[in-house]
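Q: Each residue of the sequence shown is one higher than the one before, starting from 1 at the first, in the UniProt record's numbering. Beta carbons are placed, not taken as given, at the ideal position from N, Cα and C, and that holds for glycine.
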Amino acid sequence: MEKSKEILLEHFKKIFLKKDDTVAFVLLKKDNKPFQIFKKIGDIDDSFIEFLEKNNNNGYSIHGSVNPLLPNPTKRTKDFYSENQRRLWLDLDNKKNNYILLKFKQFLIDFNLPKPNQITQSSEGNYHIYWVLDKEYNFEILSKMMLRMNIFLKLDHTQDITRLLRLPGFYSKKPGKNDFVCCPFKSLNKLPVNINSFAKIDNIKIQAPNNENIKSNIMAFSDEKGELWNFKVNSKQTTRDIYNISTKRLKSKSLSEIDLSFAKILDINNVSMEIIKTLLISLATGRKPNPEYYAQKTIEKL
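1. By Cβ distance, which residues of its chain are closer than 6 Å to L111, with the 5 residues on each side in sequence left out?
2. Could you confirm whether any beta carbon from chain D is found closer than 8 Å to the beta carbon of D110?
3. Where in the stretch 43 to 97 do unbroken runs of the beta strand (DSSP E), each at least 3 residues long, occur, reported from the N-terminal end onward?
4. Which value, in whole angstroms, describes the spacing of the CA atoms of R163 and V66?
5. My assumption, with CB atoms under 8 Å, is that I195 sits in contact with Y137. Please give the rounded CB distance.
6. Using only CA atoms, which one of D45, E140, S61 lies nearest to F35?
7. Over the uninterrupted alpha helix (DSSP H) stretch that includes L155, give me the two end residues.
8. Between the Cα of L133 and those of N56, F198, L153, S47, spot the shortest distance and give me the residue it belongs to.
9. Could you name the residues that DSSP lists as bridge partners for residue 305?
10. Within this structure, are the beta carbons of F25 and G59 separated by less than 8 Å?
11. Please classify N32 as buried or exposed, where buried requires at least 16 neighbouring CB atoms within 10 angstroms.
12. By how many angstroms is the C-alpha of E140 removed from the C-alpha of L70?
13. Looking at the structure shown, is S222 part of a helix, part of a strand, or coil, going by DSSP?
14. Can you list, in chain order, the residues of its chain with a C-beta nearer than 8 Å to that of L92? Leave out the 5 residues immediately preceding and following it.
15. Would you say M145 and L90 are within 8 Å of each other, going by their C-beta atoms?
16. Can you tell me whether residue 327 is helix, strand or coil according to DSSP?
17. Is the Cβ-Cβ distance between P73 and T120 less than 8 Å?
18. Going by the beta-carbon positions, is the gap between L191 and H11 smaller than 8 Å?
19. In chain order, what residues of the same chain have a beta carbon less than 6 Å from the beta carbon of E2, not counting five sequence neighbours either side?
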């Protein structure tokens with residue numbers, strides 16, 4: 001218990017979370033209701049660590065919010081986060097991107113980026129990268145920066161303000177990796193970094209969709225069981241019809257899976273839920289601006 005507590009508190013220290021900062025702890029297990037607990041860093045005691053360890057041993061993975069929440073939150077929605085934040089992160093997945101750590105190191109060199117403040121190994125071959133900026137910025141600015149890095153590195157990951165990542169000091173509980181302990185991998189930069197040191201990533205272009213006819217090109221995607229389903233728009237469907245069908249079929253998918261699926265339509269590597277919903281309505285109505293035009297303008301806003 002002492003070791004888990006030491007690793008966890010050291011992790012929060014490395015990403016410059018303070019004792020008064022509130023973190024969302026989320027415990028996840030397939031086919032089980034998740035636990036969600038809001039806790040100030042300074043209130044983490046032995047009994048709480050014991051609670052986390054007990055549930056971790058019972059199959060729950062332990063996740064924490066990257067960004068601190070506002071005081072006394074009741075939900076983990078963006079309304080309970082300050083618009084201004086100071087953390088950038090990446091989720092490196094070696095399973096989908098061979099030699100991802102080597103590619104990331106070369107990425108740092110090519111774009112003259114600062115070394116991360118912390119790297120955590122979430123499971124075998126998978127890493128979480130954290131940078132902490134020396135001041136806060138509107139999260140939209142940070143989201144655009146992370147989007148560009150995700151696109152360049154071909155990462156499957158969202159950059160929502162409510163983002164959760166596995167916490168070190170506990171078993172990963174990924175399928176086939178139950179006995180792997182999520183652990184600190186390397187701490188490189190002991191001081192916060194300046195946003196200007198990321199200037200070169202502005203050269204990474206966000207590609208506009210190149211489908212000739214997005215409306216008729218909604219693709220088939222695979223669910224977790226490997227079954228395929230098709231979602232096509234036809235002129236007889238109302239906006240409400242198409243929205244209900246899409247949300248029902250996507251309900252069981254995680255946000256990142258939804259992002260990836262619709263990214264194939266838009267031919268980019270990441271797209272937000274807000275864009276997805278609005279694009280669906282645009283696809284359904286066919287009104288001006290037409291889907292192709294609207295998608296183009298939406299991506300430009302990023």
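A: Working from what's here:
1. A small correction: the amino acid at residue 111 is Phe; Leu does not occupy that position in the sequence shown. Hits under 6 Å: K200, I201.
2. Absent from the structure is chain D; it holds one protein chain and no more.
3. 61 to 65, 84 to 93
4. 6 Å
5. 6 Å
6. S61
7. L155 -> no alpha helix (DSSP H), and no H or E assigned at all.
8. F198
9. Because the chain is modelled from 1 through 302, residue 305 falls outside the range shown and cannot be assessed.
10. no
11. exposed
12. 18 Å
13. Because S222 sits at a pLDDT of 29, beneath the cut-off of 50, its placement in the model cannot be relied upon, and the following sentence gives the value as read from the coordinates. Reduced to three states, the DSSP call for S222 is strand.
14. I100, L101, F104, N126, Y127, H128, I129, L153, L155
15. no
16. Any answer about residue 327 is impossible in this case: the structure gives the chain only from 1 up to 302.
17. no
18. no
19. none
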